[in-house]
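Chemist:
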């Protein structure tokens, strides 16, 4: 029995070796090596200039990663079409019965390129490994001729829900198409948002609104196209969509409310990127408008993600709603022996010397009252950059007033208090003990 098995293995090895040493096999190996050498040489002339030009173009980060991944593997980008062309020519005119090596080189090269690019896009290492294993398994089944049998087996594992037949093959195809097309639509939407933001003819609010709608439209269309491509009848979901809509209405009230509030904010232009706002204890400038929240950056560098609903239901102070100029007041007092006309002139000159004070509207200074210990004044000035802070500009104005009054001998008094004792009090002076001071 063992001798018979050994003889069969020997016969198989001899037949395989006989096929390998055939002239057409050696020719195919030489053709593959030559095509790959040509691809490597061509990639050296193309890769660096194309990468430098690509980095100058403002692409979405996802598209940029994919493009760079392809450029770093340009030799395979050239090799795959060359190998496919050689396979088609030889298959039609020379050895149609034995072009297995060229077909295998084309298939393996294409699989290796796609898997490497996908691994650069997928940031999760576990998911990237899983996708690579699945891809190589499909390639192995294709090369061995078992791919058709495997797909038929997956399609046979199915059940029927009403008029819909759901098989394991359908689930796999749907997941792959939905994930791939959604990723493509999302990155296309991000790129469209970036381009729309460069259109100076549109207001910032309209730019954000159009960008969000374009992205939502592309993602929705990608999901619908994916479902339709695998043969799913979308009308079959009409019954389920009503129930899902009711469930979403109750379970996602806040999400829907924030989304609708965001649309209202963009339409009425109450706030826009770059505005300086105050909401409760939060003071800062709006960095970005999102579909669910507004990003507000404060002076200390903290970024608050405030739900859109708060901007509709609560009191919001927009410092730059109609005009970027913001008026600030600083109160101060001087001694009674000062000339109020001179104080007013010096205060205005001191305020005008501050760089952040806007020259569009001249600062003013008014005497407001005769105080208990001082002549009280109020100076008013305007700034056009409230996002850079209010406390610091007030502090700079106070220092400028201090320096101006010091240079002109104008005193800034402090409160005086006199104590009158109506009941006579005897004051006794006791001697200090020795050793104590």
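In the working numbering, the protein residues as written are 6 to 442.
For every residue, glycine included, the Cβ atom is placed at its ideal position computed from N, Cα and C.
Note that the coordinates shown come from a computational prediction; the quantities given were computed from them, not determined experimentally.
Could you pull out every unbroken beta strand (DSSP E) segment of at least 3 residues lying fully inside the stretch 314–394, listed in chain order?
Modeler: Here the runs fully enclosed are 331–339, 369–375, 380–388.
Chemist: Give the range of the beta strand (DSSP E) segment to which residue 94 is assigned.
Modeler: That residue, residue 94, is in no beta strand (DSSP E); its alpha helix (DSSP H) goes 79–98.
Chemist: Run the CB neighbour count on residue 266, radius 10 Å, all protein chains shown included, and call it buried at 16 or more, exposed below.
Modeler: Buried.
Chemist: Mind checking which residues open and close the beta strand (DSSP E) that includes residue 283?
Modeler: Looking at the DSSP string, the run of the beta strand (DSSP E) that includes residue 283 is 281–284.
Chemist: Quick check on this structure: which residue in 117, 123, 404, 184 has the alpha carbon closest to the alpha carbon of residue 72?
Modeler: For residue 72, the nearest C-alpha among the options comes from 123.
Chemist: Can you give me the C-alpha to C-alpha distance between residue 368 and residue 401, rounded to a whole angstrom?
Modeler: Rounded to whole angstroms, residue 368 to residue 401 spans 14 Å at the Cα level.
Chemist: Excluding five sequence neighbours on each side, which residues of the same chain lie with their C-beta closer than 6 Å to the C-beta of residue 340?
Modeler: Taken in chain order, the residues that qualify are 416, 418.
Chemist: Identify which residue in 84, 273, 130, 132 has its Cα closest to the Cα of residue 109.
Modeler: For residue 109, the nearest C-alpha among the options comes from 84.
Chemist: Who does residue 299 pair with in a DSSP beta bridge?
Modeler: 294, 311.
Chemist: Quick check: residue 3 and residue 98, are their CB atoms within less than 7 Å of each other?
Modeler: Within the shown structure, residues of the chain are numbered from 6 to 442, placing residue 3 beyond reach of any answer.
Chemist: Given that a residue counts as buried once 16 or more other Cβ atoms are within 10 Å of its Cβ, and exposed if not, what is residue 151?
Modeler: So residue 151 ends up on the exposed side.
Chemist: If contact is defined by three or more beta carbon pairs under 8 Å, each pair taking one atom from either stretch, is the stretch 180–200 in contact with the stretch 219–238?
Modeler: Contact between the stretch 219–238 and the stretch 180–200 is present, because at least three Cβ pairs lie under 8 Å.
Chemist: How about the stretch 319–326 and the stretch 349–357: do they share at least three Cβ pairs that are nearer than 8 Å?
Modeler: No, because fewer than three Cβ pairs between the stretch 319–326 and the stretch 349–357 fall closer than 8 Å, the two stretches do not touch.
Chemist: At what residues does the alpha helix (DSSP H) containing residue 195 begin and finish?
Modeler: 173–202 is the extent of the alpha helix (DSSP H) around residue 195.
Chemist: Buried or exposed for residue 370, please, with buried defined as at least 16 other CB atoms from any protein chain shown within 10 angstroms of its CB.
Modeler: Result: buried.
Chemist: Note down the Cα distance separating residue 390 from residue 289, rounded to an integer number of angstroms.
Modeler: Whole-angstrom Cα-Cα distance: 11 Å.
Chemist: Look up residue 163 in the DSSP assignment and give the residues it is bridged to.
Modeler: Answer by DSSP bridge pairing, in chain order: 172.
Chemist: Measure the C-alpha to C-alpha separation of residue 343 and residue 384 and round it to an integer number of angstroms.
Modeler: In a straight line, the C-alpha of residue 343 is about 17 Å away from that of residue 384.
Chemist: Closest to residue 333 by CA distance: which of 366, 314, 327, 348 is it?
Modeler: Among 366, 314, 327, 348, the Cα nearest to that of residue 333 belongs to 366.
Chemist: For the alpha helix (DSSP H) that residue 262 lies in, which residues bound it at each end?
Modeler: Counting along the chain, the alpha helix (DSSP H) containing residue 262 begins and ends at 258–273.
Chemist: What residue range does the alpha helix (DSSP H) around residue 400 cover?
Modeler: Per DSSP, residue 400 belongs to the alpha helix (DSSP H) from 396–412.
Chemist: Count the other C-beta atoms from every protein chain shown that fall within 10 angstroms of the C-beta of residue 213, then say buried if there are 16 or more, exposed otherwise.
Modeler: With 16 or more Cβ atoms within 10 Å of its Cβ, residue 213 is classed as buried.
Chemist: Distance, Cα to Cα, residue 35 vs residue 133?
Modeler: About 34 Å.
Chemist: Where does residue 423 fall in DSSP's three states?
Modeler: Note: residue 423 maps to coil in three-state DSSP.
Chemist: Apply the 10 Å Cβ neighbour rule to residue 131 and answer buried if 16 or more other Cβ atoms are within range, or exposed otherwise.
Modeler: That one is exposed.
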